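Colleague:
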Amino acid sequence: MPGCQPLKLLRSRLEEMKSQRLDRTLIQVGPVTGPRVMVRGRDCLLMASNDYLGLSRHPLLSRAAQEAAESWGTSSGASRLVSGTLDGHVALERAIADFKGAEAAIFLATGYMTNLAVLTGLAGPGDLIVSDELNHASIIDASRLCRAQVEIYSHCNVEEAGRLLEMAPCSGLKLLVTDGVFSMDGDLAPLPDLKELARKYQALLVIDDAHATGVWGKEGRGTLEHFGMKPGPEVVNVGTISKALGGFGGFVAGASEVIETLVHRARSLLYTTAPPPTQVAVAQAALGLVDAEPWRRDKLHQLSARLRRNFMDMGFRMLSREGPIVPVLVGEAGKAAELAEGLWREGVFAPAIRPPTVAQGTSRIRFSVTAAHSEEDMDYTAEALAKASQEAGL
Ligand SMILES: *Cc1c(COP(=O)(O)O)cnc(C)c1O
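Residue numbers for the sequence shown follow numbering that gives the first Met the number 0, so the first one is 0 and each next one is one higher.
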């Protein structure tokens with residue numbers, strides 16, 4: 000179609016993003032073997048994976064997937080409400096509830112869909128959502144979708160969150176929603192204070208522990224465990240199997256009233272095909288590995304501390320004090336892209352994170368550490384950053 004107007008319009012919008020260096024590409028990578036990956040023909044150290052415990056190549060998990068495919072097939076065949084709730088789903092949900100110390104749990108296809116389920120399932124017009132400004136995109140999307148009143152507080156500002164809970168005229172359900180670990184900064188939510196707020200204002204506290212499950216807390220239960228706290232009935236715990244657990248899928252654990260409500264109302268749980276048996280079997284086996292191989296967690300935190308120390312010795316300011324998300328703030332989007340390119344030339348793959356994923360002027364390289372890394376990898380990454388930042392004139 001010559002002069003196709005809608006495509007011209009799309010093209011000009013894309014050009015606009017390119018001119019601001021906000022264009023995006025889906026970078027194709029070769030197979031990941033341990034901590035290494037092929038990127039654009041170069042063998043690189045992978046410093047950008049959320050496979051924190053290094054479980055995605057664990058033989059136990061691939062065997063679990065194989066066995067499930069052989070005995071149950073490769074599809075669940077229907078939605079959860081029809082004939083898609085298999086034995087494996089029920090057993091996994093029991094295991095997740097126990098893992099999280101909750102009454103009940105439900106498993107969904109992804110963490111993204113889990114947040115949609117939790118917020119749209121629990122809240123609607125007349126209800127109130129009080130949410131941290133740096134919460135994950137899926138929380139932002141779900142908050143908009145559910146048509147509840149949404150109030151945003153500045154990052155980790157407990158006082159402001161309290162004011163919003165107090166001031167908002169709400170006779171319905173109140174949800175105080177936070178990431179446990181913030182995905183692009185790597186810092187932790189002030190959970191003891193938020194839990195106190197939730198109790199004081201009779202709100203449910205929704206904690207998205209996507210980056211914390213398997214990683215934080217002595218036994219990998221997440222951020223509440225890290226703070227030495229018990230879940231309690233007012234806590235709704237969201238998590239994902241897709242990151243540290245080396246599989247795929249999301250879950251929510253909480254009071255039976257919460258889970259039952261989702262079974263009645265959550266569209267991203269009900270109007271989609273149930274997660275396949277392979278995915279369920281991997282999740283179940285991965286939960287077991289969190290307990291069976293605690294050394295992975297210890298190693299992960301030791302390596303993360305080493306990388307952070309290396310960066311600080313070089314004079315970089317850190318956004319988080321602990322844990323495997325180690326972002327280096329650059330500022331301007333173009334500079335961040337240049338730095339990422341330099342790192343790639345040095346054989347380190349860690350792409351630039353730019354707006355709209357992060358706020359204007361806070362573009363960064365988000366390094367992430369996994370238990371598959373070594374101490375040498377941490378030192379190599381620091382040397383590569385030193386060279387690349389010199390080249391980029393930083
Ligand atoms: C990654 C992430 C999700 C989405 O999880 P998926 O299983 O990848 O869909 C949700 N919340 C937070 C905070 C995340 O970082």
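Yeah, the Cβ is synthetic: ideal placement off N, Cα and C, and Gly gets one too.
Everything numeric in this text was worked out from a predicted model, so none of it was measured.
(1) Considering only heavy atoms of ligand 1 and the C-beta of each residue, which residues fall inside 6 Å, strictly closer?
(2) Assuming contact is defined by CB atoms lying nearer than 7 Å, are residue 216 and residue 225 in contact in what I supplied?
(3) Suppose you measure from the CA of residue 169 to the CA of residue 162; what does that come to, to the nearest Å?
(4) Indicate whether residue 305 and residue 228 have their beta-carbon atoms separated by less than 7 Å.
(5) Can you tell me where the beta strand (DSSP E) holding residue 152 begins and where it ends?
(6) Spell out a yes or no on whether the stretch 231-247 and the stretch 18-27 are touching, meaning 3 or more CB-CB pairs, one atom from each, closer than 8 Å.
(7) Relative to the alpha-carbon of residue 144, which residue among 157, 278, 152 and 114 has its alpha-carbon at the smallest distance?
(8) Measuring alpha carbon to alpha carbon, tell me which residue in 51, 8 and 160 is nearest residue 293.
(9) Considering only DSSP beta bridges, list what residue 309 is partnered with.
(10) Look at residue 179 and residue 188 and say whether their C-beta atoms are less than 7 Å apart.
(11) Straight-line CA distance for residue 368 to residue 218?
(12) Grouping DSSP H, G and I as helix and E and B as strand, with all else coil, what is residue 260?
(13) Take the Cβ of residue 205 as the centre, count every other Cβ of all protein chains shown within 10 Å, and call the residue buried at 16 or more, exposed below.
(14) Compare the Cα-Cα distances from residue 360 to each of 295, 335, 343 and 281 and report the closest residue.
(15) Could you pull the start and end residues of the beta strand (DSSP E) that residue 129 belongs to?
(16) Starting from residue 43, trace the alpha helix (DSSP H) in both directions and tell me its first and last residue.
(17) DSSP three-state label for residue 156, please.
(18) Can residue 282 and residue 245 be called in contact, C-beta distance under 7 Å?
(19) For residue 237 versus residue 203, is the C-beta distance shorter than 7 Å?
(20) Where residue 45 and residue 393 are concerned, what is the direct C-alpha to C-alpha distance, given to the nearest angstrom?
(21) Could you check if residue 389 is buried or exposed, using at least 16 other CB atoms within 10 Å of its CB as the buried criterion?
(22) Could you tell me whether the stretch 301-321 touches the stretch 126-146, where touching means 3 or more Cβ pairs closer than 8 Å?
(23) Pick from 366, 358, 372 and 348: whose alpha carbon is nearest that of residue 38?
(24) Quick check on residue 183 - is its C-beta less than 7 Å from some C-beta in chain D?
(25) Would residue 291 and residue 53 qualify as a contact pair, given that the criterion is a beta-carbon distance under 7 Å?
(26) What does a CB cutoff of less than 7 Å around residue 88 pick up in its chain, not counting 5 residues either side in sequence?
(27) On the CB-based measure, 16 or more other CB atoms within 10 Å of its CB, does residue 230 come out buried or exposed?
(28) Hey, how far is the Cα of residue 330 from the Cα of residue 285?
(29) Quick check on DSSP: helix, strand or coil for residue 181?
(30) Leaving out five residues before and five after residue 345 in sequence, what residues of the same chain have Cβ atoms less than 7 Å from its Cβ?
Modeller: Checking against the coordinates, here is how it stands:
(1) Those satisfying the condition are, in chain order, 109, 110, 111, 114, 135, 137, 178, 182, 207, 209, 210, 239, 241 and 249.
(2) Taking 7 Å as the Cβ cut-off, residue 216 and residue 225 qualify as a contacting pair.
(3) Rounded to the nearest angstrom, the gap between the Cα atoms of residue 169 and residue 162 is 13 Å.
(4) Going by C-beta atoms, residue 305 is not nearer than 7 Å to residue 228.
(5) 148-152
(6) no
(7) 114
(8) Ranked by Cα distance from residue 293, the first of 51, 8 and 160 is 51.
(9) For residue 309, which the question treats as bridged, DSSP gives no partner whatsoever.
(10) yes
(11) C-alpha separation (whole angstroms): 19 Å.
(12) helix
(13) buried
(14) Among 295, 335, 343 and 281, the Cα nearest to that of residue 360 is on 335.
(15) 127-131
(16) For residue 43, no alpha helix (DSSP H) segment is defined; the enclosing uninterrupted segment is the beta strand (DSSP E) at 41-45.
(17) coil
(18) no
(19) No, these two residues do not count as a Cβ contact at 7 Å.
(20) 23 Å
(21) Exposed, since its Cβ has fewer than 16 Cβ neighbours within 10 Å.
(22) no
(23) 348
(24) In summary, chain D is missing from the structure at hand, where a single protein chain is found.
(25) Taking C-beta atoms as the reference points, residue 291 and residue 53 fail to come closer than 7 Å.
(26) 106, 273 and 279
(27) The residue in question, residue 230, is buried, as its Cβ has 16 or more Cβ neighbours within 10 Å.
(28) 37 Å
(29) coil
(30) 383, 386 and 387
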